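Below: one structure, written as structure tokens.
There are 2 protein chains.
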Amino acid sequence: MTRRMDPLTAEVLDLIGTVVARYHQEYDAAAAVHHLTGAQARVLALLATDPLPMRKIAERLKCEPSNVTGIVDRLEAQGLAERRNNPADRRVKLAAATDRGRATAEQLRDSLEFAREPLAALSEGERGVLRDLLARMVR
Amino acid sequence: MTRRMDPLTAEVLDLIGTVVARYHQEYDAAAAVHHLTGAQARVLALLATDPLPMRKIAERLKCEPSNVTGIVDRLEAQGLAERRNNPADRRVKLAAATDRGRATAEQLRDSLEFAREPLAALSEGERGVLRDLLARMVR
DNA sequence: TATTGTTATACTCTATAACTATA
DNA sequence: TATAGTTATAGAGTATAACAATA
Numbered sequence: 001m002t003r004r005m006d007p008l009t010a011e012v013l014d015l016i017g018t019v020v021a022r023y024h025q026e027y028d029a030a031a032a033v034h035h036l037t038g039a040q041a042r043v044l045a046l047l048a049t050d051p052l053p054m055r056k057i058a059e060r061l062k063c064e065p066s067n068v069t070g071i072v073d074r075l076e077a078q079g080l081a082e083r084r085n086n087p088a089d090r091r092v093k094l095a096a097a098t099d100r101g102r103a104t105a106e107q108l109r110d111s112l113e114f115a116r117e118p119l120a121a122l123s124e125g126e127r128g129v130l131r132d133l134l135a136r137m138v139r
Numbered sequence: 001m002t003r004r005m006d007p008l009t010a011e012v013l014d015l016i017g018t019v020v021a022r023y024h025q026e027y028d029a030a031a032a033v034h035h036l037t038g039a040q041a042r043v044l045a046l047l048a049t050d051p052l053p054m055r056k057i058a059e060r061l062k063c064e065p066s067n068v069t070g071i072v073d074r075l076e077a078q079g080l081a082e083r084r085n086n087p088a089d090r091r092v093k094l095a096a097a098t099d100r101g102r103a104t105a106e107q108l109r110d111s112l113e114f115a116r117e118p119l120a121a122l123s124e125g126e127r128g129v130l131r132d133l134l135a136r137m138v139r
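Sequence order for the protein chains is W and E.
Oh and the first sequence: position 111 is 111 in the working numbering, straight run, nothing missing.
Oh and the second sequence: position 8 is 8 in the working numbering, straight run, nothing missing.
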């Protein structure tokens, strides 16, 4: 059922594994500065753009809705998010970032060292090439 | 203390975020086929190459040594790994993959859909460019 | 009846601290 | 004393199943 892959693809895959590991380290460290876990920071980043029903957050995170309850609870406990009722459908609760939550999300995004150190090693032209290749991979 | 980043860098960072998310989905799904969690699969992949002291595994995973105990316990319970004594230093325990463990690790690696579908969208020349850019990012 | 969010439960991963057996 | 591994503990994320409120 499995298939061998060519050496170049294996090499790229290995590098992506390294990038993935590095990305998580940096992301979690940046989140920890604000006393947030990675999952909490990810949800806060989602809410910073727009309020979202709990169910939609679960879809974005690709996890079960029951898990979102706890994550939003912890954001709420830190005053970074709040739950709002939806008059149009009273079953729905909208999670929304507070002003402090939005400010934290912005700081978090701007402080991602990952964006600077590793990417700074590339010229602007090379970053453009990288963008195009990644975009086609992810498409 | 934070600094704005240029739009191109932000775009690349976003793409990397997408790649990271996709990578984890695929990796965890591939691991689940073998009744393994992501962490267990990662340790098994390490052991497939060479036996390692518990302490070294923790360093590679960048986690505390106490966590490795449980992960290796679960691999051992499935007959995929075993602990061996080190005669040279009897404090050390070497975790080693069993034959079944090595076979599982190989299947796991070859079954990584991530390597095929997204990377297949690129030509061999493009994969080479991607490898070089990622290698320079990662150093 | 179906859907939204929550609660209850159990498992894994994580860090911290204390313990053991070696060195 | 110091080091390797374990145990104990607590917090967080995860899936599953059952539940209340609402549609």
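Note that CB positions come from ideal geometry on N, CA and C, so glycine has one too.
Since this is a predicted model, take the numbers as computed values, not measurements.
Reference residue i; option with closest CA among the options
i	options	result
W:Thr9	E:Arg136, E:Ser123, E:Arg139, E:Val138	E:Ser123
E:Tyr23	W:Asp28, W:Gln25, W:Gly17, W:Tyr27	W:Gly17
W:Ala48	W:Leu94, W:Asp6, W:Val19	W:Leu94
E:Arg91	E:Val20, E:Glu26, E:Pro53	E:Pro53
W:Lys62	E:Glu26, E:Ala58, E:Ala103	E:Glu26
W:Leu119	E:Arg136, E:Arg116, E:Asp73, E:Asp110	E:Arg136
W:Asp73	W:Asn86, W:Val19, W:Ala39, W:Glu59	W:Ala39
W:Thr37	W:Asp50, W:Gly70, W:Val19, W:Val20	W:Gly70
W:Asn86	W:Met5, W:Asp6, W:Pro51	W:Pro51
E:Ser111	E:Val33, E:Glu82, E:Glu126, E:Asp99	E:Val33
E:Glu117	E:Val19, E:Asp6, E:Met5	E:Val19
W:Gln78	W:Met5, W:Ala121, W:Asp89, W:Asp99	W:Asp99
W:Glu76	W:Asp89, W:Ala88, W:Ala41	W:Ala41
E:Ala29	E:Ala103, E:Phe114, E:Met5	E:Phe114
Extent of the continuous alpha helix (DSSP H) to which residue i belongs
i	result
W:Glu64	No alpha helix (DSSP H) holds W:Glu64; DSSP gives it neither H nor E.
E:Gly101	99-110
E:Gly128	124-138
W:Ala30	7-33
Expected contact under 8 Å - CB spacing of residue i and residue j to nearest Å
i	j	result
E:Ala31	E:Leu80	Between E:Leu80 and E:Ala31 the Cβ distance is about 12 Å, and since that is not below 8 Å, they are no contact.
W:Arg131	E:Val12	5 Å
W:Ala97	W:Ala105	6 Å
W:Leu46	E:Leu15	In fact, because the Cβ distance is near 18 Å, the residues do not count as touching under 8 Å.
E:Gly128	E:Leu44	30 Å between Cβ atoms; not a contact.
Opposing strand residues paired with residue i [DSSP bridges]
i	result
W:Asn85	W:Lys93
E:Pro53	E:Leu94
Sequence-distant residues of its chain with Cβ nearer than 6 Å to residue i (five each side left out)
i	result
E:Arg55	Pro65
E:Arg84	Leu94, Ala96
Beta-carbon proximity list for residue i, same chain, < 7 Å, skipping 5 on both sides
i	result
W:Arg60	Leu46
E:Ile57	Val43, Leu46, Val68, Ala95
E:Glu82	Glu76, Ala96, Thr98
E:Ala121	none
Contacts around residue i, its chain only, beta-carbon distance under 8 Å, and the 5 residues preceding and following it disregarded
i	result
W:His35	Gln78
E:Ala103	none
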